[in-house]
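K.L.:
So in our numbering the end of the sequence shown lands on 137, straight run, no missing numbers.
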Amino acid sequence: MTFRARLLVGFGAVVLVPLVIFGLRVRTVMADRLTAAYQQRVTSLVAVIQADLDQQSAGVATRLAALKDAVASDNRFRAAVLQGGDRSYLLDYAGNAMRLAGLAMLQIQDDEGRIVSSGHFRNEYDQLEPDLPRLLAAAGGTALVRP
-9 MTFRARLLVG
1 FGAVVLVPLV
11 IFGLRVRTVM
21 ADRLTAAYQQ
31 RVTSLVAVIQ
41 ADLDQQSAGV
51 ATRLAALKDA
61 VASDNRFRAA
71 VLQGGDRSYL
81 LDYAGNAMRL
91 AGLAMLQIQD
101 DEGRIVSSGH
111 FRNEYDQLEP
121 DLPRLLAAAG
131 GTALVRP
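1) So, is V32 buried or exposed, given that buried needs 16 or more other C-beta atoms within 10 angstroms?
2) Rounded to whole angstroms, how far is the Cβ of R53 from the Cβ of G92, which I believe are closer than 8 Å?
3) I'd like the list of long-range same chain contacts for I105, defined as Cβ closer than 7 Å, with 5 residues on each side in sequence excluded.
4) Count the other CB atoms within 10 Å of the CB of V(-1); is the residue buried (16 or more) or exposed (fewer)?
5) Could you pull the DSSP bridge partners for R104 from this structure?
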């Protein structure tokens, strides 16, 4: 090997080693910066989503409170539940109330967990779901389900 070739290989090694180390360090720093920016964006999106869920939950709670007052003051509904009269009104009540309240699902149950009226599945009438209220109360937090 000539002297020129040895000098070229020597200088190449001296120059390439720091360049490789510098390149790897730049790659690590950029990956850390991108990860931090991504984490910040995810955190801000989670906050926006949580605020939206809270707003939606408050709207649903308001509509359900209004629906609760309407059910309490509806004598025809009360008579259908307690006296067993006008079954078609009772079957259709939750469906109509669900649409008027802007809900995607509504199920009215009695104290024993028996479904009195169901807006999303009309044929659920008179079925027992005694664990559902307890499970919903235990879940807590905010939930919004959209098809």
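C-beta: ideal position from N, C-alpha, C; glycine also.
Model, not experiment: these values are computed from the prediction.
P.N.:
The short version:
1) Translated into positions along the sequence shown, residue 32 becomes position 42. Exposed: under 16 other Cβ atoms inside 10 Å.
2) Residue mapping note: residue 53 aligns to position 63 of the sequence shown, counting from 1. Residue mapping note: residue 92 aligns to position 102 of the sequence shown, counting from 1. Indeed they touch by this definition, with Cβ atoms about 6 Å apart.
3) Counting from 1 along the sequence shown, the entry for residue 105 is found at position 115. Result list for I105: Q97, Q99, E114, Y115, D116, Q117, E119, in chain order.
4) The sequence position of residue -1 within the sequence shown is 9, counting from 1. Answer is exposed; the Cβ neighbour count stays below 16.
5) The sequence position of residue 104 within the sequence shown is 114, counting from 1. Answer is L118.
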